[in-house]
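With my numbering as the guide, the letters of the sequence shown map in order to residues 1 to 518.
Heads up, the beta-carbon is just placed ideally off N, CA and C, and yes, glycines get one too.
In this text, all values refer to a predicted model and were calculated from it rather than measured experimentally.
Take a look at the structure below.
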Amino acid sequence: MKKRLPVLFLIVLFISNYTIAQSMAEIVSAIEKEANENSQLEQLAYELMDVNGPRLVGTPQMKTAHDWAVNTYKKWGIMAENQAWGKWRGWERGITHVDMVSPRIASLHATQLAWNPSTGKNGVTASLITLPTVSDSLAFVKWLPNVKGKIVMVSMLQPTGRPNYNWEEFATPESFEKMKTERDAKEKAWRENFRNTGYTSRNINAALEKAGAVGIAQSRWSEGFGANKIFSAGTDKIPVVDLSLEDYGMLYRMAVKGANPKIKIVAESKELGEVPTFNTIATIPGTEFPDEYVILSAHFDSWDGATGATDNGTGTITMLEAARILKKVYPNPKRTILIGHWGSEEQGLNGSRAFVEDNPKIVDGLQALFNQDNGTGRVVRLSGQGFLHAYDYLGRWLEAVPEDIKKHIETTFPGTPGGGGSDYASFVAAGAPGFSLSSLSWSYWNYTWHTNLDTYDKIVFDDVRNNAILTAILTYMASEDPEKTSREKATLIGTSRRTGEPLSWPTQRSPNRKGGLD
Ligand SMILES: [Zn+2]
Numbered sequence: 001m002k003k004r005l006p007v008l009f010l011i012v013l014f015i016s017n018y019t020i021a022q023s024m025a026e027i028v029s030a031i032e033k034e035a036n037e038n039s040q041l042e043q044l045a046y047e048l049m050d051v052n053g054p055r056l057v058g059t060p061q062m063k064t065a066h067d068w069a070v071n072t073y074k075k076w077g078i079m080a081e082n083q084a085w086g087k088w089r090g091w092e093r094g095i096t097h098v099d100m101v102s103p104r105i106a107s108l109h110a111t112q113l114a115w116n117p118s119t120g121k122n123g124v125t126a127s128l129i130t131l132p133t134v135s136d137s138l139a140f141v142k143w144l145p146n147v148k149g150k151i152v153m154v155s156m157l158q159p160t161g162r163p164n165y166n167w168e169e170f171a172t173p174e175s176f177e178k179m180k181t182e183r184d185a186k187e188k189a190w191r192e193n194f195r196n197t198g199y200t201s202r203n204i205n206a207a208l209e210k211a212g213a214v215g216i217a218q219s220r221w222s223e224g225f226g227a228n229k230i231f232s233a234g235t236d237k238i239p240v241v242d243l244s245l246e247d248y249g250m251l252y253r254m255a256v257k258g259a260n261p262k263i264k265i266v267a268e269s270k271e272l273g274e275v276p277t278f279n280t281i282a283t284i285p286g287t288e289f290p291d292e293y294v295i296l297s298a299h300f301d302s303w304d305g306a307t308g309a310t311d312n313g314t315g316t317i318t319m320l321e322a323a324r325i326l327k328k329v330y331p332n333p334k335r336t337i338l339i340g341h342w343g344s345e346e347q348g349l350n351g352s353r354a355f356v357e358d359n360p361k362i363v364d365g366l367q368a369l370f371n372q373d374n375g376t377g378r379v380v381r382l383s384g385q386g387f388l389h390a391y392d393y394l395g396r397w398l399e400a401v402p403e404d405i406k407k408h409i410e411t412t413f414p415g416t417p418g419g420g421g422s423d424y425a426s427f428v429a430a431g432a433p434g435f436s437l438s439s440l441s442w443s444y445w446n447y448t449w450h451t452n453l454d455t456y457d458k459i460v461f462d463d464v465r466n467n468a469i470l471t472a473i474l475t476y477m478a479s480e481d482p483e484k485t486s487r488e489k490a491t492l493i494g495t496s497r498r499t500g501e502p503l504s505w506p507t508q509r510s511p512n513r514k515g516g517l518d
């Protein structure tokens, strides 16, 4: 009998290890099955992007999106609530209609910029004037009265509306080189002249308004066919519109060659005073370590030139879908699973910084946070963010991820801590293990990031599904891990590419809790 005990013990040990391994494999395959056979991604994307629309902080559509997220979680039996963390200038986009009314009629592709006051129904009709070439700020001040009663064109005339890749494919090499050389020279001259005015593209609109301009026309080309970046206006009363490269170029040529084009801007919007801003937080409570957390993270807000499909609709639906799947196949996690849909990332990580500041206990109990926010592509990069032992646990968790998902991911350990860029940085700055699930580009920077083209049709659902599976598995593994993750920081070696200073660990920053309000 005595001899047989250890054998029996070994058998029991073997069986229990086998059972753990088997249940892990079962859960992983249940996650994949649910994601592949019962995907809700298309429906979620439709409801969020097409029906709700863009999610600019302070707009009614941001609030309806938060309410939609809470209701969606409730439908799945997941607790969720909107947590207020600040106030913002309330504003709602209205009809924008811009037409050339002289010397001929043409409707133009134009968008009013965010937080720009209304022109009223009658709009503003005026001639156009381009910025002058000046030797210094004095000359510019002398010129300024010319803008009185005019709509000022503040962007450079682009020499080509074709992106480089198109030139590369079709131009003769000599012609491509010539175009680039000429364009570089033009851009350089434009920048120098802008410096001479004493203003920047950020503050010139206000100066032109003060000098009596009745409107501003810009074209912030994003170097892709039809793609412009759309941000905020920077004037108190007069309209600011972004025009397509094509329409802007036509008007610019006509203005400088003396055709005296007149345009009519109707840009109706509503000021809504001071409104509260929120994060939507969903919770699947932990059973064994309820005070330890795995957080799924994606900012919820967007700019509003389009519907914010890849910034950050895709990160948002990834986290929603991962949460839905986990609730179904892993309803009683060891650690608490939180899903954070942050407000106002676009104005400086405000929602997540507020959460970090307001919830020190959750930050202390953070096992890991997974953030996704750079487009629709499958995840291809994962950095340890400077945590010395990140390889141990992230490596362990990645082992459970199926090869066809894992094989795309290039890992960097221990990596360097992210100082900004997206919401994981708010947690890293507090010394907590936040990680970025970084995507393949799919032409994000030119075509969809903050542009008028960031719409449902750019979503690559196969890649987003891949990311939802990855997120769900990493969350499951992080929740089940017998060990709490280490936060020991690696010694940072080298200098910052941006500042040239020696690398240092980022420090926690407070959010702006009163945005766009004086
Ligand atoms: Zn984003």
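With a cutoff of 8 Å on beta-carbon distance, Met49 and Tyr447 are scored as not near each other. By the neighbour-count criterion, in which 16 or more other beta carbons inside 10 Å mark a residue as buried, Gln112 falls on the buried side. The segment 387–394 makes contact with the segment 409–423; the number of CB pairs closer than 8 Å reaches 3 or more. By the Cβ rule, the segment 71–86 does not count as touching the segment 262–275, because fewer than three pairs are nearer than 8 Å. Shown here for Thr200: same chain residues with a beta carbon closer than 8 Å to its own, the five before and five after excluded, namely Phe194 in chain order. Its Cα nearest to that of Pro290, the residue Lys334 stands out among Gly226, Lys87, Val51, Lys334. In this structure, Ala298 sits away from Ala323, with a CB-CB distance that is not shorter than 8 Å. The segment 211–222 makes contact with the segment 242–259; the number of CB pairs closer than 8 Å reaches 3 or more. Annotation: the continuous beta strand (DSSP E) that includes Lys87 extends over 79–102. By the neighbour-count criterion, in which 16 or more other beta carbons inside 10 Å mark a residue as buried, Asp462 falls on the exposed side. Our two residues, Val460 and Glu357, have alpha carbons roughly 35 Å apart in a direct line. Under the DSSP assignment, Gln367 falls outside any alpha helix (DSSP H), being part of the beta strand (DSSP E) whose first and last residues are 366–371. The beta carbon of Ser155 sits closer than 6 Å to those of Gln218, Ser219, all from its chain and outside the five residues before and after it, given in chain order. Distance from Asn452 to Gly305 at the Cβ level is roughly 4 Å; contact confirmed, criterion being Cβ atoms closer than 8 Å. Restricting attention to Lys87, Pro506, Leu503, Ile27, the CA atom closest to the CA of Thr277 is found in Lys87. For His341, the shortest C-beta to heavy atom distance toward ligand 1 is 7 Å or greater.
Per DSSP, Phe413 lies in no beta strand (DSSP E) segment and is marked neither H nor E. Checking the DSSP bridge columns, you'll see Lys489 partnered with Phe387. The beta-carbon separation of Glu274 and Asp236, rounded to 17 Å, does not stay under the 8 Å limit for a contact.
The Cβ atoms of Ala211 and Lys148 lie closer than 8 Å to each other. A heavy atom of ligand 1 is found nearer than 7 Å to the CB of Ser422.
Contact check for Ile409 against Gly340 fails: the beta carbons are separated by 8 Å or more.
In this structure, ligand 1 has no non-hydrogen atom nearer than 7 Å to the beta-carbon of Asp67. The DSSP-derived three-state label of His66 is helix.
Taking every residue with its beta carbon within less than 5 Å of a heavy atom belonging to ligand 1 gives, in chain order, Asp311, Asn312, Asp373. Looking only at Glu483, Leu44, Ala106, Gly434, the smallest Cα-Cα distance to Ala69 is reached by Leu44. Membership of Lys262 in any alpha helix (DSSP H) is not indicated; the residue belongs instead to the beta strand (DSSP E) covering 262–284. With fewer than 16 other Cβ atoms inside 10 Å of its own Cβ, Tyr165 counts as exposed.
Across the structure, Gly226 and Asn38 are spaced so that their CA atoms are roughly 35 Å apart. Comparing alpha carbon positions, the residue from Ile469, Pro163, Lys186, Arg396 closest to Phe176 is Pro163.
Here Ile95 is exposed. Its C-beta has fewer than 16 other C-beta atoms within 10 Å.
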